[in-house]
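Using this note's numbering, the first residue of the sequence shown is number -13, and each one after it goes up by one.
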Amino acid sequence: MAKLWAGRAAEDTAKVADDFNSSIAVDSRMYREDITGSMAHAAMLSACNIISPADADAIIEGLESILTDLDDGTLKIDMEAEDIHMFVEQVLTERIGDVGKRLHTARSRNDQVAVDLRMYLRSQTVQVVEKLKTLLAVVAEKAEENVESIVPGYTHLQRAQPIRFAHHLLAYAMMLLRDVGRLQDAAKRMNQSPLGACALAGTTYETDRDFTAKQLGFDGWCINSIDAVSDRDFCVELLSALSVLMMHLSRFNEEIILWSSWEFRFVSLSDAYTTGSSIMPQKKNSDMAELIRGKTGRVYGDLVGTLTMLKGLPLAYNKDMQEDKESIFDAFDTVNMCLDVFIPMLKTMVTHPENMKKAAQEGFINATDLADYLVRKGMPFRSAYKISGSMVAYCIQKGTVLENLPLETYKQYSDLFEEDVYTAIDLVTCVQKRISQGGTSAESVQAQIQYVKENI
Ligand code: ARG
-13 MAKLWAGRAA
-3 EDTAKVADDF
7 NSSIAVDSRM
17 YREDITGSMA
27 HAAMLSACNI
37 ISPADADAII
47 EGLESILTDL
57 DDGTLKIDME
67 AEDIHMFVEQ
77 VLTERIGDVG
87 KRLHTARSRN
97 DQVAVDLRMY
107 LRSQTVQVVE
117 KLKTLLAVVA
127 EKAEENVESI
137 VPGYTHLQRA
147 QPIRFAHHLL
157 AYAMMLLRDV
167 GRLQDAAKRM
177 NQSPLGACAL
187 AGTTYETDRD
197 FTAKQLGFDG
207 WCINSIDAVS
217 DRDFCVELLS
227 ALSVLMMHLS
237 RFNEEIILWS
247 SWEFRFVSLS
257 DAYTTGSSIM
267 PQKKNSDMAE
277 LIRGKTGRVY
287 GDLVGTLTML
297 KGLPLAYNKD
307 MQEDKESIFD
317 AFDTVNMCLD
327 VFIPMLKTMV
337 THPENMKKAA
347 QEGFINATDL
357 ADYLVRKGMP
367 FRSAYKISGS
377 MVAYCIQKGT
387 VLENLPLETY
397 KQYSDLFEED
407 VYTAIDLVTC
417 VQKRISQGGT
427 SAESVQAQIQ
437 YVKENI
């Protein structure tokens, strides 16, 4: 394909240089945005009397036909083209003749690529936010099913205090809600049109940037033309939001891997989202969860790659910036793939409250509640703490748990113990007594479920 920028050069570029320079393999996915952006630009040129209405109509019709043909596959993208912008313009001129050459008046590929990318990422963000909302609904549903499931809460991965499994799941719901907020914030800041900034300095034509910004659904236009074509901070912001999201998904999946192990058996994943081993017949591996955890590294790489690519660039556009798309597209693709598999995996995950309860009983996580019982009967906390500790040691030695000791044994440790000690150390009582706001009581957990549902 002949170069649209041919003119100055006396010699053709080398094939290896063309291949190296080309970005069409990556940016062809923005063809729709490129075409709609060009349609708006042509309409503006006509509205501002820069080109004639007849020329604008011919250009817009030509672009429409290209869009239809690309959508239905009649027109194939030429992978030899330099990029999607060059390809569309070239096909347009082939189809409508010299009029097509008027489209690039008062425009540069620098503002063109920036506007295409912002529009493309805007719809990608909407798509991920929708998926996150579906995920949040699934988390809320699982929480509702597990309000009565009591599980050890951990610190240092050591059993710490009993909690409702719903409470634990809802912690992730709060994180995911903030992920939605972060993506929406970044998308809002990104939604300013760079179109009309041209190469960097603006243009000698009397254009109307409001016109194109409105037509393309932007909230306004970038008020400094150099900034408009130079910065990719919106990519960095989206990549950070996606990295934080992946970090949350990774932790969640790490726990699912643990919970579904034989050591825990708190949950079972559906066979549809696990794999077997080629040698060990008993194995059921949580490959999907592991891959989500693993792919988190890719998204961090995309973020760091983009930050590094940008850090030394003088204003305004530099070709280095072509690398922005591969990273941000990879990050969105990865997040989309992860969510597509994680949502149904979580939905079909079965919980085993009996195993959760057993783990909660084995860890003496009611030892604090036992001490508190004595304190309520008048004993100073330090003395009560000591008695509770000695009783835990006794249980460990006898291979039993506090709940199973007879009252006579309790009495040997303190006269203050009465029949009501069993209620006081019952795991259900322990979680229900944690009545502070945001805590693990049923009321608090129900309020959290409500909050999530209202904010999806
Ligand atoms: N393919 C280029 C990119 O993605 C388009 C912009 C080219 N601009 C230029 N001045 N060479 O960045």
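In this text, a Cβ means the ideal position worked out from N, Cα and C, and glycines have one as well.
If you count every other CB in all the chains shown that lies within 10 Å of the CB of G364, and 16 or more means buried, which is it?
Burial call: exposed.
Assuming contact is defined by CB atoms lying nearer than 8 angstroms, are A159 and L228 in contact in what I supplied?
At least 8 angstroms separates the beta-carbon of A159 from that of L228.
How is the beta strand (DSSP E) around I149 delimited, first residue to last?
Q144 to R150 is the extent of the beta strand (DSSP E) around I149.
Expressed to the nearest angstrom, what Euclidean distance is found between the alpha-carbon atoms of L299 and K305?
Rounded to the nearest whole angstrom, the CA to CA distance from L299 to K305 is 10 angstroms.
Going by beta carbon distance, what residues of the same chain come within less than 8 angstroms of I243, once the five residues before and after it are set aside?
Result list for I243: S272, A275, E276 and R279, in chain order.
Using DSSP's beta-bridge definition, name the partner residues of G206.
According to DSSP, G206 bridges with Q178.
Taking all protein chains shown into account, do 16 or more other C-beta atoms lie within 10 angstroms of the C-beta of G59, making it buried, or fewer, making it exposed?
So G59 counts as exposed.
Say whether the stretch 179 to 190 touches the stretch 129 to 136, bearing in mind that this needs 3 or more beta-carbon pairs closer than 8 angstroms, one atom from each stretch.
Between the stretch 179 to 190 and the stretch 129 to 136, the count of C-beta pairs closer than 8 angstroms stays below three; the two stretches do not touch.
Do N96 and ligand 1 come close, with the Cβ less than 7 angstroms from some heavy atom?
Answer for N96: yes, Cβ within range of ligand 1.
With P392 as the anchor, note down where its beta strand (DSSP E) starts and where it stops.
Taken as a continuous stretch (DSSP letters only), P392 belongs to no beta strand (DSSP E), as it is neither H nor E.
Would you give the residue range spanned by the beta strand (DSSP E) that Y140 belongs to?
I136 to T141 is the span of the beta strand (DSSP E), which, as asked, contains Y140.
Mind checking whether the beta-carbon of S313 lies closer than 7 angstroms to any heavy atom of ligand 1?
Flag unset: Cβ of S313 not near ligand 1.
In this structure, how does DSSP classify N239 when only helix, strand and coil are distinguished?
DSSP, read as helix, strand or coil, puts N239 in helix.
Going by alpha carbons, who is nearest to D213 out of Q178, E223 and D194?
Of Q178, E223 and D194, the residue nearest in Cα terms is Q178.
Given a threshold of 16 other Cβ atoms within 10 Å of its Cβ, counted over all protein chains shown, does P148 qualify as buried or as exposed?
Looking at its Cβ environment, which holds 16 or more other Cβ atoms inside 10 Å, P148 is buried.
Whole-number beta carbon distance between V77 and L89, since they are thought to touch under 8 angstroms:
L89 to V77, Cβ: 12 angstroms. No contact.
Whose C-beta lies closer than 7 angstroms to the C-beta of S430 among residues of the same chain, with five residues either side of it excluded?
So the qualifying residues of the chain are Q423 and G424.
Are the stretch 197 to 208 and the stretch 16 to 35 touching by the rule of at least three beta carbon pairs closer than 8 angstroms?
Touching, yes, given that three or more Cβ pairs across the two stretches are closer than 8 angstroms.
Can you grab the Cα-Cα spacing for the pair L56 / A152, in whole Å?
If you take the alpha carbons of L56 and A152, they lie about 48 angstroms apart.
Euclidean distance between Cα positions of V230 and T282
So the two alpha carbons sit approximately 9 angstroms from each other.
For E130 and K333, the rounded distance between their alpha carbons:
Answer to the nearest angstrom: the Cα atoms are 13 angstroms apart.
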